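Notes for the one structure printed next.
2 protein chains.
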Amino acid sequence: MADFTNTLRPADPQGPEILSQERAGSDVNVNQLATHLLSRNDFLQRQKKILAILEGIPIFCKRNQLNMARPDRYHLGLARAKMLRRLSLKHGWDRDDYIMADYLMDEMGPYALQATMFATSIREQSNDQQKAYWLPKVENWEIIGCYGQTELGHGSNVKGIECEARWDPATKEFIIHSPTITASKWWNGALGRTANHAIVVAQLLLPEKTGLKSNSNSGTANNYKYKSYGPHQFIVQIRDMKTNKPLDGIVIGDIGPKYGYPAMDNGYMLFKHFRVPHSALLARYSGVDADSGKYIKPENPAVVYGSLTFVRAQIVMHARLVLARAVTIAVRYLSIRRQFSDRDSKGGPEQAVLNYPTVQIRILPLLATTFALHYTGEAMYKLYYGTREAIETSGDFSRLAEMHAASSGLKSLCTTLAADGIETCRRAMGGHGFGGGSGMIALNNEYLSKPTVEGDNWMITQQTAAYLIKRMTEVVKHPESEPKETVDVQFQQFLARNKQSKTPAEYDLFNSTDDASGIVGAFEHRASYLAYQAYHARVVQKQPWTSMMISLHRLSRAHSETLLVSNFHHAVFQTSRPDPPLDNATLRVMRTLFRLFALYTLDVSASEFLLSGAITLQQLQAVMPTIQNLMTDVRPHAVRLVDAWSIPDYLLESALGSYDGDVYNRLFRKAHWENPLNLVTFNPDWRNEEVVMGEGAENARRRLEELALGVQGHEQAGKGDVKAKL
Amino acid sequence: MADFTNTLRPADPQGPEILSQERAGSDVNVNQLATHLLSRNDFLQRQKKILAILEGIPIFCKRNQLNMARPDRYHLGLARAKMLRRLSLKHGWDRDDYIMADYLMDEMGPYALQATMFATSIREQSNDQQKAYWLPKVENWEIIGCYGQTELGHGSNVKGIECEARWDPATKEFIIHSPTITASKWWNGALGRTANHAIVVAQLLLPEKTGLKSNSNSGTANNYKYKSYGPHQFIVQIRDMKTNKPLDGIVIGDIGPKYGYPAMDNGYMLFKHFRVPHSALLARYSGVDADSGKYIKPENPAVVYGSLTFVRAQIVMHARLVLARAVTIAVRYLSIRRQFSDRDSKGGPEQAVLNYPTVQIRILPLLATTFALHYTGEAMYKLYYGTREAIETSGDFSRLAEMHAASSGLKSLCTTLAADGIETCRRAMGGHGFGGGSGMIALNNEYLSKPTVEGDNWMITQQTAAYLIKRMTEVVKHPESEPKETVDVQFQQFLARNKQSKTPAEYDLFNSTDDASGIVGAFEHRASYLAYQAYHARVVQKQPWTSMMISLHRLSRAHSETLLVSNFHHAVFQTSRPDPPLDNATLRVMRTLFRLFALYTLDVSASEFLLSGAITLQQLQAVMPTIQNLMTDVRPHAVRLVDAWSIPDYLLESALGSYDGDVYNRLFRKAHWENPLNLVTFNPDWRNEEVVMGEGAENARRRLEELALGVQGHEQAGKGDVKAKL
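Protein chains in written order, with UniProt numbering: chain A, 1 to 726; chain B, 1 to 726.
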C-alpha cells in the first residue's frame, strides 16, 4: 500500500503560523538589530554570499553526519577541507570569506591548522631566511602543516614538555627525541593522518662544555653534558611527500575518537633520534650559533604579547554566536511546543512551553547573555586595537597588563557561560532536545572543548586575580594618587566607602532594582570587596597562593561579570545613541535585557553581593520578582530577538529551530526518509543468532565479533594485518 | 624499522606507584565500606559472578564502540541483547543477575522493554483471560514487545495524546488510527526495528448514541458520534512474525540518532484505521462491554500508585553508581596527573592536580554526594517497603502522599546532581577528559536523558511543592494538633520559632559549622521558610500557580536537599552503629564527608539560607574556609573511597580511571593499536580530489557524496532504492 503518512499534517496550531504570530507581536526591528550586531567585517553580506556557494555542494550536506562512523567523518572532513581550499581560489575568497565558510560548514577539519597556528608560527618565529623559504610553500599550500606542542604528559604547563632537541656539534644538526611515552606529542590537530610538516616544540638542549662525557647512552650526541634552554619551535618534515607515510624514526597516528571534532585528526607523534638541520630551529628571536653551539638569547620575549587578547576577543565573539545558536533553537521550538493547559484555568488550551516561568528562567537570561557577550567582545576588540596603536605610535605598553588580565577572566567566564548555556537550552527542550533533530548534539560536543583549550577556565583566572591583587596593593599604598589603570578608580571608591565604614544599606549603590547604574555599582562593589579580601590574605597575611585558589577564581569571575555588566550598560544606556543605531522600541528591549542579564547574574552569586554589602537582604528579596517581570516584558520579543542573530538554517541543522517553525514535519521527514537504519529488516528472535534477516547465524557472528573487537593496527602495519583477539 | 614505542614507558612517577601510595596513605576500610554500600541484593558477589561471564565474550568488548556508525551500534546491540538472553538461560540467571549484566554491559539495547514496561503492562493491566494468553508468550520471549505511549506531539502530558482507538459496534473491533503527524508514536524503545508486539496507548473513543451520524468521514466506524474516555492501553501485533515487516496499515521506523542510546531503536509508528479485536484492550481495571459498547469504569485507579516510588528509588540508587563512576575516573586520574609546581616553592616537583583546591572543590563534594545519594536511596526503599506493608497488612494508605512527594523532588534533584556532576568531573580532567580514553563520552551521552525521562526535572517538582503547601496549610490551621506526616513536625517547629519572631542569630540552629545537627536544622528551617512563603502566596494571597513556578521549584529543591542531608546525617551520626557496620576510622571519614556535602550544598544556595534566617552573614563567612579544611581532611582518603564503590574496569572502560593507574600506557596503546583510522593512508594534497591514497579522484567524489547525502528510505522501500539528491 502507498505510504499514508504523505497526506498527514501536524495537529493545529501549525508551527509556521505560530512563529508568524510571534513575529507580528513584537516591534523589535530585526534588520536594524542584525546590522547593529553583525556589521563588523560585513558579516551579514559575507554570510549570504558564502552560504549560497556552500549550500549547492553535495559533500557539504550535513544531514547524514550523526549516522557516520568516526573514521568516515575524517574521510569526509578531508574531502570538505580540500573543497573549501579549491573554492577559495575559484571565488577569490579573502581570509574573512574563508573563516565564514569554516563557520558555516561548522566542522573543525584537517586543514584547520594550516593558515592558523602553522602559518602564524612560521610568520612570527622565523628569521628572514626561514620566512623566505617556508612562507611561500605554506601560503601556496604546497606543504600541509600542524602544530606540535602539547604532549601526553603535559598540556598547560608548556615548560614541562619532554620532547628534546639536542644539538650535535659534530654534524651541526638537532636530534629530536622522545625519551618516554609521555613525551609523545598528543592532541595536535591535523597531525594524525594529514600533515606532512609540523612545528615541533621541544626542549632545546645544548652542550655545556664540549668534550665532557655523560653517563647517558642514547645516541652519538650524548657524549656531551647538556643544558636545557627551554621549549623552542622547530619546523620538521614528518611524512614523505609522495607516499604520505611517516619518515623513518617517527611514529605518528590519530589519537582516536573524542567528545567532538570527529573530522579532525588530532594526532600523536614520537621521535627516535630524528635528525633535523640547524635551519629547523625557528630563529627570529633566539637561536643557536652553528659554529660555537652557543645559545643566542631572545631580546624582547614579550613582543607578541597582545595577540592573545585578540584571540580571546574572537573566542568571546564566537561564544555569543554559539550561544545564540542554542538559544535560537530553544526560543523557536519552545514557542511552538504546547504542553498542558494552565493549572488555574482547567480545560483551557495547552500553553506554549516558553510561557512557563520555569522555562523562561532557563532561556531568557541566556538570550540576554548573547547580547552581554557581544558588547564585551566589541569592547575587547576596541581595547586590543587601542593598545596596539598606543604601542606602535608611542611605545606605550601601559595597558598590556590590564588587557591580558581582562582577557583571561573573560575567556574563562564567557566560554563557561556558553558551554553551560547550550546544555541548559537542550534540557529545556525535553525529549526532542535529546534527539538528533534538535541540532544540539554536535554543537554541544564541539563546544565542550572550549572551557579547556586556550587556557583552562579554572587555571587562567589566577592571572586575572594576580593582576587585581597587584592593583589593589598599589591603590591601598597610594589611595590619593592619580589612578593609573581603569580598575584603580573603582578600587579607590571602594576604599573610600570602606573608610567611612558605612553599613550595607547606606552604600546607596542599589536604590532599587530598577536603577540600572546602581546595579553596575553593586557589581563593582562586590568585585572590589573580593579584590580587597584577596589582597589582604596574600599581601598582608602572606597566605600561600595555592590555599587561596578558590577565592581567586571567584574574584576573577566577579571582575569579569562586572566587565560584562558595565560594557552592556555602557552600550545601551551611556552612549547618547547606540552605534550602529537602534530605534527606540528596540533600544527599550535591549535595556530590559540588560537589567535581566545583570539581575539574573547577581541572583546566581547573591551571597557574595550580600557578604560584600553591595546589597541588603531586603533588596535581594525584590530581585527574583523583578527578574520575573523583566522576563514577562522580554517574552513577546524573544522570537524576533533570536531572528536578529541571523543564524541560517544550514548552520542550525535543526528540525526544532528552523526559521519557518515547521518542527514536526521536519522531525518526521528526517526520521522517515533519511535514516539508513530503516532500510534494513532485522530478525528479533533471540533463538536465532542472525541479526539482519536472512544473513545466517554464522555470518552474523563473524561480522559482529569483528565489529566489536575492531582492528589492531598502526602506521607500520598493513590494513587488516592483525585481528585483535581478546 | 621496528616500532620503537614498545620499549618506552611514561616519565616518573609511574601511575601504579602513585595509586599504591595513595592507597597506603589512608585507613579507610575499603572492603568493609564496599559491603556497607553494596550488600543489598548481594550486589558485590553478583557483580563478580556476572562480570566473569561477560568479559570472555567477544561481542561484549567495548573498545571499538566510539568508532562505530550509529546503525552498526544497533546491529551490535541486537546481537548483544540476544546473547544476554541466551546466557541468562544457560546460567540460570534470576532477574537481579540479568539487571546486573545489563548494568555491566552498560548499553540500553533493543530488548530493554521486554521484561520491564511491556511485561509490566500486561501483568498489571490485563484481566485474567488476557494474562493467561499473553504472559507465557512474553515470559518465554516468544514475542518481543515495546511500549508505545509518547507521541511526536505529546510526552509529559499523556492526556493530550492523539492516537485513537475507536470502537466499531458492527464488527466489535477497535480501529486504531493516527489522525495527524503529531499523533505518531515517537521515542518508544525497541519499536523502531525490533518489536513484533506493542502496548499502544490510545484515546478510547466510544459511540455516544448509536445511529447518529457525524460529519466525520474517516472510516466506517465514524458513522457514530464518539466520546473520548481518555488514554487506554491496547496490546497490538505490529509486525509479521515471519518477515518482521510492519503489518498493512502500520508505518514504523527508527527515529534516528540521538544524544545517547545508539544501540536502542527508539521508534515512530502511525496507524491507518488499523483493526484490533475487542480483546486487545487491556481490561483489568476498565473496559468496554462488547455487547453494549458501554464503558466499564475503573474501580480504584490509584492502586499501583506506590510503584513509582520504587522506580524512583532505583533511579536514585542508579544515580549514585553513575556519579561514582565519573568520580572514580576523576579521583584516580587527577591523583596521578601532575601539573605545575607550587607557586610559592619555585622549582619544586609538579603537583598532583587533585592537590589544588580549585580541583578539589569540583571533585570532592561530588565524592561526598555519591554517599548522600546512597543513604537517601536506602531510605526511599525503606519508605516504599514500609508503606506497602502498611497498605497490605492494615489498609493504611496514609503515607502514600508523602512518599510520592519525596520521590518526585528527589528524582529531580538526584538526577540533576549526577548529570551535572559527570560533566564537572570531565572538565576537571582537562584535555584528556575530552578524549575517548576518558570513558566519559558514553557515560555523559547516556545519562543526559535522565533529567528528562520519568518526569521532567523542572516539571515534577510541582508535585512536591503542592504537597508541602498542603501540609503547611494544615499545620498553620492546626498548629497544636498531633503531627500527621513527617514534615509536619518540622513545620510546627518553624512556626513556633516564627511566632516568637526571633532574629536569625537567635535561632541557634547553626552554632558553628562544626555542629552537624545544627546544619540539618538549617536545612529544615530554610525549606520550612520556603514552604511557608509558598503557602502564603498561594493560599492566602491566591496567586496564580503558574506565576509561582520558579519558587515552587526552589521549594522542592530545598526540601529534597533537606532529605539528602538528614538521611546522610541519620546514617552516620544518629544510629549507634551503622548497619552494615563501619569501623571507627572509616566512620570518621564518612562524618567528614557528611559535613562536606552539607556545607557545600548550603554554600551553593547560601542566599536562601540567609533570606530565611537559617544562618547569618557571619556564619556564612566561616563556611568556605570550613569546606576547604574538610577537603584537606578527605583528600588522603579519596582513592580508597572511590575504590569502595567497586566499579570494575570493564564498566569504566577508561584509560584514565582504571584500577591500576597505568594511565599513559593505556591511553597510548588505545590510540596506537586500536584505532582503525590509523590503518589507512590519506592523500593530503588539496589539488587532488582523492582522499585515500591511490583511490582516484572520481571514486572519492562518488564515495564521499553518497556518504554525505545518505540514503532516502523507509520500511516500504527496498535497500538502496532511492538515492537522495540535494
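All C-beta atoms, glycine included, are put in the ideal place defined by N, C-alpha and C.
For clarity, every value in this text was computed on a predicted model and none was experimentally measured.
Between the C-alpha atoms of residue 147 of chain B and residue 661 of chain B there is a straight-line separation of about 43 Å. Boundaries cannot be given for residue 247 of chain B, as no beta strand (DSSP E) includes it and DSSP labels it neither H nor E. The Cβ of residue 710 of chain A sits closer than 9 Å to at least one Cβ of chain B. For the set B:649, B:429, B:702, B:704, the Cα lying nearest the Cα of residue 52 of chain B is the one of B:649. Setting aside the 5 residues that flank it on each side, residue 308 of chain B is surrounded in the same chain by 404, 407, each with a C-beta closer than 8 Å to its C-beta; the list follows chain order.
For residue 396 of chain A, none of the residues of chain B pass the 9 Å Cβ criterion, the least Cβ distance being about 30 Å.
A Cβ-Cβ separation of about 38 Å leaves residue 56 of chain B out of contact with residue 671 of chain A under the 8 Å criterion.
According to DSSP, residue pairing for residue 186 of chain A in a beta bridge involves A:268. Rounded to the nearest whole angstrom, the CA to CA distance from residue 284 of chain B to residue 293 of chain B is 17 Å.
Residue 177 of chain A sits buried, since 16 or more C-beta atoms from the chains shown fall within 10 Å of its C-beta.
Between residue 11 of chain A and residue 162 of chain B, the CB-CB gap stays under 9 Å.
The Cβ neighbour count for residue 559 of chain B, taken over all protein chains shown within 10 Å, is at least 16; the residue is labelled buried. By the Cβ neighbour-count rule, residue 40 of chain B is exposed, with fewer than 16 other Cβ atoms within 10 Å of its own.
With fewer than 16 other Cβ atoms inside 10 Å of its own Cβ, residue 346 of chain A counts as exposed. Per DSSP, the continuous alpha helix (DSSP H) segment holding residue 374 of chain A begins and ends at 357–394.
The C-beta distance from residue 428 of chain A to residue 319 of chain A rounds to 19 Å, too long to fall under 8 Å, and the pair is not in contact. Counting every other CB atom within 10 Å of its CB across the protein chains shown gives residue 89 of chain B a total below 16, marking it as exposed. Among the CB atoms of chain B, one or more fall inside 9 Å of the CB of residue 361 of chain A.
Listed along the chain, the chain B residues whose CB falls inside 9 Å of the CB of residue 251 of chain A are 3, 4, 5, 672.
At a C-beta separation below 7 Å, residue 606 of chain A has these neighbours in chain B: 607. For a Cβ distance threshold of 8 Å, residue set 550, 551 of chain A lies close to residue 624 of chain B, ordered along the chain.
Taking the Cβ atoms as the reference, residue 411 of chain B lies roughly 19 Å from residue 550 of chain B, outside the contact range of under 8 Å. From the beta-carbon of residue 136 of chain A, no residue of chain B is found nearer than 7 Å; the closest lies around 16 Å away. Interface criterion met: the Cβ of residue 184 of chain B is under 9 Å from a Cβ in chain A. In terms of beta-carbon proximity, residue 154 of chain A lines the interface with chain B, with at least one pair separated by less than 9 Å. Along the region 184–198 of chain B, going in chain order, the ones with a CB nearer than 9 Å to a CB of chain A are 184, 186, 187, 190, 192, 193, 194, 195, 196. For the set A:415, A:106, A:262, the Cα lying nearest the Cα of residue 74 of chain A is the one of A:262.
In the three-state scheme derived from DSSP, where H, G and I count as helix and E and B as strand, residue 614 of chain A is classed as coil.
A contact between stretches requires three or more CB pairs, one per stretch, nearer than 8 Å, and the region 362–370 of chain B fails this requirement with the region 384–400 of chain B.
Residue 258 of chain A is bridged by DSSP to B:435. Under the 9 Å criterion on CB atoms, residue 351 of chain B is classed as interfacial with respect to chain A. Look at residue 447 of chain B: its C-beta is not under 9 Å from any C-beta on chain A. Put simply, the CB of residue 264 of chain A is far from chain B, with every gap to its CB atoms at 9 Å or more.
Chain order gives the chain A residues near residue 686 of chain B as 82, 85, 86, 141, where near means a beta carbon separation below 7 Å. With a threshold of 16 other beta carbon atoms within 10 Å, residue 199 of chain B meets it and is buried. Apart from sequence neighbours up to five positions away, the residues of its chain that approach residue 151 of chain A with a beta-carbon distance below 7 Å are 161, 162, 163, 182, 183, 184, 185, 186, ordered along the chain.
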